[in-house]
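Single-structure report; data block below.
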Amino acid sequence: MSSSEFDVYQSPLNTRYCSTEVKQLFSARTRFSTWRKLWTWLAEAEQQLGINISDEALEQMRAHPTITDQELADAAVEEKRRRHDVMAHVHVFGQTCPAAAPIIHLGATSCFVTDNADLIFLRDGLDILSKKLATVIARLSQFAKQYKDLPCLAYTHGQPAQLTTVGKRMCLFITDLLMDLRNFEHAKRSLLSWFRGCKGTTGTQASFLQIFHGNHELVERLDQLVTEKAGFNKAFTITSQTYTRKVDTNVINYLGEFGATCERIGGDIRRLAAMKEMEEPFEKDQIGSSAMAYKRSADA
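With full-length UniProt numbering as the guide, the letters of the sequence shown map in order to residues 1 to 300.
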């Protein structure tokens, strides 16, 4: 059987609507390469605080930050053998960096890479979304200025009411989008203080206390160093093995509000199109319907 991408399920969200940046951010390569960065940051911080880790080990880890196609394939084979995704990648990274093999993941639990990586993806995803949303707002603002004096009919309860302008109608969209942008900026600021960091197997940091021979100050310093290397301001003071999923619901709630804004804008444009007041572009060779050639349906 062929291994074409067309032989497996594909979602329109991915193939049609998702940006290249977001697809790359949530790709397997980015995920597992981020795990490698986290392991490297951990080893650097541990060496800095006195753990016996050689410069050669760190040099090898730094030299291979991005997982290759072959290493991804090797990790898949290793996972079938180990029945553990994180340990599969620990072994493959160790094969690539033999001097570092004994110290990769030292003192850490699986959630050190899985949870911290997810927080990095949330932060970077919000960065991408905020920049794109700011661009949309800027372009809508230009459109609103251009048509600020063009009259159109306003509706209440779905019935014709009074005159308004196209520019004013666009400003209604912009107002909601600005609120969404502020929400995303707030979510990003919060995330920068919500790194999981180095909390050990159940959040007690017991494994790190062991390798630092009970020195609490060194364990706290390790947590701080790794947090800074990851680009966060602070880590949670306390976690279990995982960070609290309130972080995820906080972001999801803001995304839900943004989705409501998009539905409102799209719905308004569709209704206006039905009344021939405003339409989406319809290109020369575009086909609006497979059965009704005269239809001007929007891009499916």
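Note that the Cβ used here is the ideal one computed from N, Cα and C, for glycine as well.
For clarity, every value in this text was computed on a predicted model and none was experimentally measured.
Inspect the beta-carbon positions of LEU25 and ASN116 and report whether they are closer than 8 Å. Counting from 1 along the sequence shown, the entry for residue 25 is found at position 25. Counting from 1 along the sequence shown, the entry for residue 116 is found at position 116. ASN116 is positioned such that its CB atom lies no closer than 8 Å to that of LEU25.
Under the assumption that residue 301 contacts PHE195 (Cβ atoms under 8 Å), give the Cβ distance between them as a whole number of angstroms. Nothing in the structure corresponds to residue 301, since the chain is present only between 1 and 300.
Buried or exposed: where does TYR254 fall if 16 or more other Cβ atoms within 10 Å of its Cβ makes it buried? Residue 254 sits at position 254 when you count from the first residue of the sequence shown. Buried, because 16 or more other Cβ atoms sit within 10 Å of the Cβ of TYR254.
Once the 5 residues before and after ARG62 are set aside, which same chain residues still bring their CB inside 8 Å of it? One-based indexing of the sequence shown puts residue 62 at position 62. Taken in chain order, the residues that qualify are THR40.
Nearest CA to the CA of TRP35: which residue from LEU119, PHE282, PRO102 and TYR9? Counting from one through the sequence shown, the residue named residue 35 turns up at place 35. LEU119 is the residue among LEU119, PHE282, PRO102 and TYR9 whose C-alpha sits nearest the C-alpha of TRP35.
Residue from LEU172, LEU72 and HIS213 whose Cα sits closest to the Cα of THR261: To locate residue 261, count along the sequence shown from 1; it is residue 261. THR261 has its Cα closest to that of LEU172, out of LEU172, LEU72 and HIS213.
Note down the Cα distance separating GLY94 from GLY200, rounded to an integer number of angstroms. What you label residue 94 is simply residue 94 of the sequence shown in a count that begins at 1. What you label residue 200 is simply residue 200 of the sequence shown in a count that begins at 1. In a straight line, the C-alpha of GLY94 is about 21 Å away from that of GLY200.
Excluding sequence positions up to five away, which residues of its chain have a Cβ less than 6 Å from the Cβ of ALA298? In the sequence shown, the residue the question calls residue 298 occupies position 298. Taken in chain order, the residues that qualify are GLU280.
Keeping to the same chain, check which residues put their C-beta closer than 8 Å to that of THR244; ignore five residues upstream and five downstream. Here residue 244 is taken as the residue at index 244 of the sequence shown, counted from 1. Shown here for THR244: same chain residues with a beta carbon closer than 8 Å to its own, the five before and five after excluded, namely PHE236 in chain order.
I'd like to confirm the pairing. Which residues does DSSP put opposite GLN159 in its beta bridges? Along the sequence shown, one-based indexing puts residue 159 at 159. THR156, per the DSSP bridge assignment.
Where do the ends of the alpha helix (DSSP H) carrying TRP41 lie? On the sequence shown, residue 41 is found 41 positions in, with the first residue counted as 1. That run of the alpha helix (DSSP H) goes 28–48.
Taking the alpha carbon of PHE187 as the reference point, which residue from SER19, LEU129 and LYS295 has its own alpha carbon closest? As a first step, residue 187 must be located in the sequence shown, where it is residue number 187. Note on residue identity: the sequence assigns Ala, not Phe, to residue 187. When each option's Cα is compared against that of ALA187, the closest is LEU129.
Inter-stretch contact (C-beta, 8 Å, three-pair minimum) for the segment 157–173 and the segment 285–299: A contact between stretches requires three or more CB pairs, one per stretch, nearer than 8 Å, and the segment 157–173 fails this requirement with the segment 285–299.
Do the CB positions of GLU78 and HIS91 come within less than 8 Å of each other? Residue numbering aside, residue 78 sits at position 78 when the sequence shown is read from its first letter. Residue numbering aside, residue 91 sits at position 91 when the sequence shown is read from its first letter. Their beta carbons are under 8 Å apart, which means GLU78 touches HIS91 by this criterion.
What three-state label does DSSP hand THR165 in the structure shown? Here residue 165 refers to the residue found at position 165 of the sequence shown. When DSSP states are grouped into helix, strand and coil, THR165 belongs to the strand group.
Quick one: Cα of ARG221 to Cα of ASP248, how far? Taking the first residue of the sequence shown as position 1, residue 221 is located at position 221. Taking the first residue of the sequence shown as position 1, residue 248 is located at position 248. Rounded to the nearest angstrom, the gap between the Cα atoms of ARG221 and ASP248 is 26 Å.
Could you say if the segment 99–112 and the segment 48–65 meet the contact criterion of at least three C-beta pairs nearer than 8 Å? Result yes; three or more Cβ-Cβ pairs closer than 8 Å.
How would you call LEU153, buried or exposed, if buried means at least 16 neighbouring beta carbons within 10 angstroms? Here the question's residue 153 lines up with position 153 in the sequence shown. When all chains shown are included, LEU153 counts as exposed.
Tell me, which residues are paired with ALA235 by DSSP? Taking the sequence shown and counting its residues from 1, the one referred to as residue 235 is at position 235. The secondary-structure analysis by DSSP pairs ALA235 across a beta bridge with PHE195.
Determine the extent of the alpha helix (DSSP H) in which GLY94 is found, giving its start and end residues. Locating residue 94 in the sequence shown gives position 94, where the first residue counts as 1. Counting along the chain, GLY94 sits inside the alpha helix (DSSP H) bounded by residues 85–96.
Cβ pair CYS111, THR30 closer than 8 Å: In the sequence shown, counting from the first residue as 1, residue 111 sits at position 111. In the sequence shown, counting from the first residue as 1, residue 30 sits at position 30. Going by C-beta atoms, CYS111 is not nearer than 8 Å to THR30.
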